[in-house]
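FYI, the numbering for the sequence shown is 11 to 650, going by my numbering.
Taking it in order: structure first as structure tokens, then the write-up.
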Amino acid sequence: MHFLTTETVVSANEHGHAEPKGRYLALLSLSALGVVYGDIGTSVLYAVRESFHHTHGIEPTRDNVLGVLSLIFWALLLVISIKYAIFVLRADNRGEGGILALTSLVTPVGALRKNSRWVLIMLGLFGTALLYGDGMITPVISVLSAVEGLKVATPFFEPYIIPITIAILIALFAVQKYGTGGVGRIFGPVTLLWFVLIAVLGVANLVRDFSVLWSMNPLYGARFFLHNGWNGFLVLGSVFLVVTGGEALYADMGHFGRKPIRLAWYWVVLPALMLNYFGQGALLIHNPAAVDNPFYRMVPQWALYPVVVIATMAAVIASQALITGAFSLTMQAVQLGYMPRVQIEHTSSRERGQIYIPAINWVLMVSCIGLVLGFRDSTHVAAAYGVAVTTTMVVTTLLLFTVEREKWKWPRLASWSFTAVFLTIDFAFLGANIIKIPHGGWFPLVVGAIIFGLMTTWKTGRRILADRLGSSTLPVELFLSDVGANPPHRVRGTAVFMYGNPNGTPPALLHSLKHYQVLHQHTVFLAVVTEEVPHLQDGERVAVQELGHGFYRMTLRYGFMEEPDIPAALADVKVDGLDLSPGRTTYFLGRETLIPSSDPGMMKWREKLFALMSRNARPATAFFGLPPNRVVELGAQIRL
């Protein structure tokens with residue numbers, strides 16, 4: 011989400027300039043509360059309750075309560091406070107974070123070939139694909155958990171919990187097309203109110219029994235495992251719910267920078283969360299019957315309805331962060347060539363990061379409604395939640411090892427030790443979550459597998475298509491030599507032929523010359539390249555080479571967080587004798603009709619899938635911002 015951009019500040023930091031401070035730092039930290047910590051902040055609604063769910067066979071005795079609190083405290087401390095806030099946030103790709111940016115940082119953005127990094131690419135892509143499943147489950151569990159507070163207030167609302175939840179989700183997805191900038195300005199203050207509220211509720215119950223603070227001693231967690239055995243280990247699957255926002259924290263780093271995110275975590279989020287968890291623990295020690303919903307049982311009867319309203323607002327904010335995160339992730343995948351072109355709408359004239367992708371929005375909405383109707387309550391949703399996130403965390407740790415060795419130059423012992431410690435934690439959480447697969451945990455895995463299949467099919471298909479085109483491409487030198495020896499008739503104006511191979515003659519040019527027997531006075535071979543960095547400076551954007559005979563080779567480069575606008579980029583190109591004015595420039599594109607075949611490449615069903623994706627991809631004219639009345643498309647049939 012890009013409600014408040016800090017790109018200039020992040021860029022300055024990379025060059026050694028001053029970091030944000032004072033009022034600006036406070037404003038960034040406040041905004042980060044709403045965007046970054048909505049997911050992890052609403053975990054207080056269900057994490058403790060699910061830890062004592064009857065399927066685990068763990069009774070809310072004093073020892074068990076202290077054991078669960080100890081696990082929660084150390085999970086937040088080790089996974090979020092140390093792993094993510096200190097180390098993972100350092101692994102930025104020119105200020106941008108997230109698993110796809112991390113994958114691009116440690117692997118080349120070339121074709122999907124079996125090179126030395128193909129395992130890392132596969133891991134990164136699978137972790138990315140799993141986040142879509144997370145994006146479907148998070149809005150459901152957050153909103154359902156908040157609305158379920160109504161039935162704590164009175165049984166009258168119980169039949170209406172599902173309809174109210176669906177109505178809120180429909181409204182949430184319906185407003186996405188209007189942009190989130192205006193709503194975003196209130197996200198920070200509302201989330202701050204939420205954290206103040208949960209801290210106050212926690213303190214109000216903590217005063218009943220300060221002995222719960224002893225749970226910060228890790229021995230209580232160890233005793234919990236010893237006394238409860240296998241059931242105690244399975245509770246880790248519910249304890250993990252308190253750290254599910256770690257990946258969101260990393261993904262939103264580029265919007266605020268490391269310092270505001272860390273400041274908000276250490277000074278507001280962590281203290282508020284722990285006070286609330288300690289308060290729930292104190293309540294359970296003195297009233298074990300409150301285990302059905304310890305969060306809302308902490309609330310005085312007179313305050314239940316206001317708390318439900320604030321909790322619902324916090325849940326909507328948490329959902330919004332995941333929805334816009336899915337938009338941003340999709341844009342990155344499209345730019346890196348892992349997904350076909352889709353319609354991307356910019357909802358702000360000032361903030362380029364505020365985008366809306368209709369196809370993703372409606373798929374998420376239908377999926378969320380289906381999950382609500384299928385699971386019926388937040389407890390059943392929690393049974394499906396965690397498998398995707400913990401798998402992604404394992405992938406992040408593995409990719410981070412490469413960063414430690416190659417980017418940070420850590421000694422072998424330090425990097426191996428760090429990775430071993432956090433992989434042990436990650437695999438412990440993963441092992442406890444695996445048992446959720448038959449109870450709904452299969453859903454995010456299926457979604458991840460489908461997205462992973464689509465991404466790898468698209469990437470591999472584009473490589474095969476490029477190879478097919480490249481095998482019949484005429485080298486530019488030969489073409490220019492032929493033009494010099496047998497000059498065709500030239501007409502006024504400039505023709506821009508787009509082709510991904512900057513060293514070959516665009517097939518569309520050869521088709522045009524074959525049919526029309528003429529060339530424009532000025533002809534540009536244009537290649538658009540996506541680099542492995544999120545953003546490029548203007549001076550890095552364009553490279554032009556004069557080839558003679560009125561021909562020019564031009565390369566436009568974009569970062570994977572940028573949307574191409576070719577006419578705007580060409581308007582800034584100043585080359586003597588080359589007229590790129592809109593009224594005198596015509597764009598020529600190739601449109602390939604793909605024919606599945608038995609030739610070496612992909613399996614037949616994947617070739618058909620790739621052809622289907624190609625037919626439904628957003629037209630290149632719209633994707634590159636080309637004026638439709640200045641575009642000529644020339645078709646060709648290609649056997650895959």
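Yeah, the Cβ is synthetic: ideal placement off N, Cα and C, and Gly gets one too.
- With contacts defined as CB atoms closer than 8 angstroms, VAL279 and SER61 fail to qualify as a contacting pair.
- Rounded to whole angstroms, the gap between the alpha carbons of SER522 and LEU130 is 42 angstroms.
- For PHE385, the enclosing alpha helix (DSSP H) covers residues 368-385.
- Taken through DSSP and simplified to helix, strand or coil, PRO485 comes out as strand.
- With fewer than 16 other beta carbons inside 10 angstroms of its own, SER591 counts as exposed.
- The distance from the Cβ of TYR395 to that of LEU251 is about 7 angstroms, consistent with a contact at the 8 angstroms cut-off.
- Counted as a single uninterrupted DSSP element, the beta strand (DSSP E) harbouring ARG567 occupies residues 561-568.
- If you draw a straight line from the Cα of ILE367 to the Cα of VAL210, it comes to about 39 angstroms.
- When DSSP reads this structure, VAL552 sits in a beta bridge with LEU566.
- Distance between LEU283 and GLY51, taken at the CA atoms: about 7 angstroms.
- Rounded to whole angstroms, the gap between the alpha carbons of PHE305 and GLU158 is 11 angstroms.
- The beta carbon of THR515 lies closer than 6 angstroms to those of LEU484, VAL486, PHE489 in the same chain, with the five residues before and after it left out.
- Considering only LEU410, PRO165, ILE648, the residue with the shortest C-alpha distance to ASP609 is ILE648.
- Residue state for TYR597 is assigned as strand, using DSSP reduced to three classes.
- Residue pairing of ASN103 in beta bridges, as defined by DSSP: GLU106.
- Distance from the Cα of GLY289 is smallest, within the candidate group ALA438, VAL538, TRP275, VAL309, for VAL309.
- Beta-bridge annotation (DSSP): GLY611 is not paired with any residue.
- Straight across, the Cα-Cα distance linking GLY635 with ARG628 is about 11 angstroms.
- Setting aside the 5 residues that flank it on each side, HIS390 is surrounded in the same chain by GLY450, each with a C-beta closer than 7 angstroms to its C-beta; the list follows chain order.
- For MET508, there is no enclosing alpha helix (DSSP H); the enclosing beta strand (DSSP E) has its first and last residue at 499-508.
- Excluding five sequence positions before and after ALA321, the CB atoms of its chain that fall closer than 7 angstroms to its own CB belong to LEU55, ALA156, GLY159, given in chain order.
- Contact check for GLY471 against MET341 fails: the beta carbons are separated by 8 angstroms or more.
- The secondary-structure analysis by DSSP pairs HIS532 across a beta bridge with THR504.
- In this structure, MET623 lies away from SER377, with their beta-carbon atoms at least 8 angstroms apart.
- Per DSSP, reduced to three states, the secondary structure at GLN290 is helical.
- For GLY514, DSSP records a beta bridge to PRO485.
- It is roughly 11 angstroms from the alpha-carbon of SER338 to the alpha-carbon of GLY107.
- In the DSSP assignment, THR540 is bridged to TYR568.
- By the Cβ neighbour-count rule, ASN286 is buried, with 16 or more other Cβ atoms within 10 Å of its own.
- For ILE648, the enclosing beta strand (DSSP E) begins and ends at 641-649.
- Counting along the chain, the unbroken alpha helix (DSSP H) around LYS161 starts and ends at 159-163.
- Where GLY242 is concerned, the enclosing alpha helix (DSSP H) starts and stops at 228-244.
- Excluding its 5 nearest sequence neighbours in each direction, LEU76 has C-beta neighbours in its own chain below 6 angstroms: SER225, TYR230, listed in chain order.
- Taken through DSSP and simplified to helix, strand or coil, LEU557 comes out as strand.
- TYR597 sits close to MET508, with the two beta carbons spaced by under 8 angstroms.
- Scanning LEU520, ASP477, VAL116 for the CA closest to the CA of VAL493 turns up LEU520.
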